[in-house]
Amino acid sequence: MNDDILDDHETLTLEDVCQNCNLDQDVVLTYVQEGLIDVSGHNAGTMRFSHSHIVRIQKANRLERDLRLNPAGSVLVLELIAQIDDLKNQLKYFKRHN
Amino acid sequence: MEYKDYYTALGVEKTATADEIKSAYRKLARKYHPDLNKDKDAESRFKEIGEANDVLSDPEKRAAYDQLGQNYREGQDFNPPPNWDQGFEFRGRPSGAGAQPEDFSEFFEDLFGKAQRQQSGAQYGGQSFGSQDFGGQGFGGQQQGEFNAKGQDHHARILIDLDDSFNGSKRQITLKVPEFGPDGHLQLKHRTLDVTIPKGIREGQQIRLKKQGAPGYGKGEPGDLFLEVNFKPHKLYHADGSDLYLDLPVTPWEAALGGKVKVPTPGGVVDLNIPANSKQGRKLRLKGRGLPSKKPGDLFVVLQIALPPADNDKARQLYETMAKELDFNPRSHMASGL
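Residue numbers (the numbering used here), protein chains in the order written: chain C, 1 to 98; chain B, 1001 to 1338.
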């Protein structure tokens, strides 16, 4: 079986990402603007994305579609979820020690 | 085929208004969205309520469903009368919210599926056709050109041992896949995969299994399966990115006087120098002893000072000597007069 680890190497172009996620350039660029992902490169032509970026974009896009959010909202949700996960982990850690 | 009670799925009365249905659906969709809710049942619940909403929020489908379903209860054997849908007109699937229609139950497909497929044709995002019978008969005059698209990507979370990441390994992983069975009920199918755990993978990273997602449409390739990695709790270490943390119990004299102690690491036992006058909770770094990667993580050893119990004369005597001889008051900073 063919598997690979999705590392954080930024090798994908904007076009690759659009094709992979079935999204328009505008939509992907909005996510970049909203700070969902930090890409290297400053304009659409030179931007490079990683596979973990794709996963985040797809998550945000699913949330938007399913819960009728706008991009700012879905990015906020993902950030809050990350914070909650972080706190849960810390809590788990502290519970073990008390 | 079993009858599905869409009203129960959304928790509303049969007399519910469109607004009540909308608000019930939205509440449940937020609650059970698989990207937000990590319970294993969340995904199948989400699909169920999506299907229920699809029918009940559409006046035409709701009317048809109500007419059909008057005398049925959830799970009862159900056969739609022939030509039951005569006189109903179905529009294309409204864009926007809802579960992916290819996941809908047989019950739904039988009642609403075919009529819809005619309408939505071959546009991606209409998604109202089952891949297996796309292009088959039943399209009549609406037959469209050939349609190819990559199948959907699937996602799952897996739990692995920290040692698997440290050493790299091959593991058999069993995933539970919720599917609608032939009786129209959701059931869990088990699917076993051989997965190579790449050395040094961190929590939250994804492993992609190419072409293990949903089948493609037409000549399209299957989607990929993404596995998000989490670690099982380890009895010694916990991970933060590539770094590992280890709580190391030390004696008061080791902490106070300093010295060498032996410390377990995932790569084997090593010597650690404890500096004199170390305090409880002090973090000592063993560089590069964390998870391997191009820039390997570190192992942080957190000192936990363990007090010997005063449960014999000798120990009590030593504590008493310290109490007499040492000028030590850990509470002096809290208030004057302590």
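Ideal placement from N, C-alpha and C gives every residue a C-beta, glycine not left out.
How big is the Cα-Cα spacing for G1168(B) and L14(C)? 32 Å
Closer than 8 Å by C-beta to G1204(B): which residues in its own chain qualify, once you throw out the five before and the five after it? Chain order, please. E1228, V1229 and N1230
Along chain C, which residues have their Cβ under 7 Å away from the Cβ of R1030(B)? L67
Since Y93(C) meets chain B, which of its residues come closer than 7 Å, beta carbon to beta carbon? H1238
Residues of chain B with CB closer than 8 Å to the CB of H51(C), please, in chain order. Q1206 and R1208
Our contact map puts L1303(B) next to L1248(B) with C-beta atoms below 8 Å; I'd like the distance itself, whole angstroms only. 6 Å
I think F49(C) touches E10(C), with their Cβ atoms under 8 Å apart; what is that distance to the nearest whole Å? 6 Å
Quick check: the Cα distance between S1044(B) and E1013(B), rounded to an integer number of angstroms? 22 Å
To which residues of the same chain is G1096(B) closer than 8 Å at the C-beta, ignoring the five residues directly before and after it? Bear in mind that a pLDDT of 37 at G1096(B), under 50, signals an unreliable position, so the model cannot answer this.
Is the shortest distance between the beta-carbon of H1154(B) and the beta-carbons of chain C less than 8 Å? no
Since D1035(B) meets chain E, which of its residues come closer than 7 Å, beta carbon to beta carbon? In summary, chain E is missing from the structure at hand, where the protein chains are C and B.
Under 7 Å Cβ to Cβ from G1241(B), same chain only, skipping five residues before and after it: list those, please. R1202 and G1297
At a CB-CB cut-off below 7 Å, which residues of chain B make contact with V55(C)? Q1206 and F1226
Sort N20(C), D16(C), Q19(C) and A60(C) by Cα distance to T30(C) and report the nearest one. A60(C)
Considering only their Cβ atoms, is the gap separating H1154(B) from G1223(B) smaller than 8 Å? yes
Using a Cβ-Cβ cut-off of 6 Å (strictly less than) and excluding sequence neighbours within five positions of A1306(B), which residues of its own chain qualify? P1249
Could you name the residues of the same chain whose beta carbon sits closer than 8 Å to that of R1331(B), not counting the 5 residues immediately before and after it, in chain order? L1338
When burial is assigned at 16 or more other CB atoms within 10 Å of the CB, is I37(C) buried or exposed? buried
Measure the Cβ-Cβ separation of A1009(B) and A1042(B) and say whether it is below 8 Å. no
Here's a check: name, in chain order, each residue in its chain whose Cβ is nearer than 7 Å to the Cβ of K1022(B), leaving out the five neighbours to either side. S1057
In three-state DSSP terms, what is I1197(B)? strand
For V1177(B) and K1294(B), I'd like the C-alpha separation in whole angstroms. 35 Å
Looking at the C-beta of I37(C), does it have a partner C-beta in chain B at a distance below 8 Å? no
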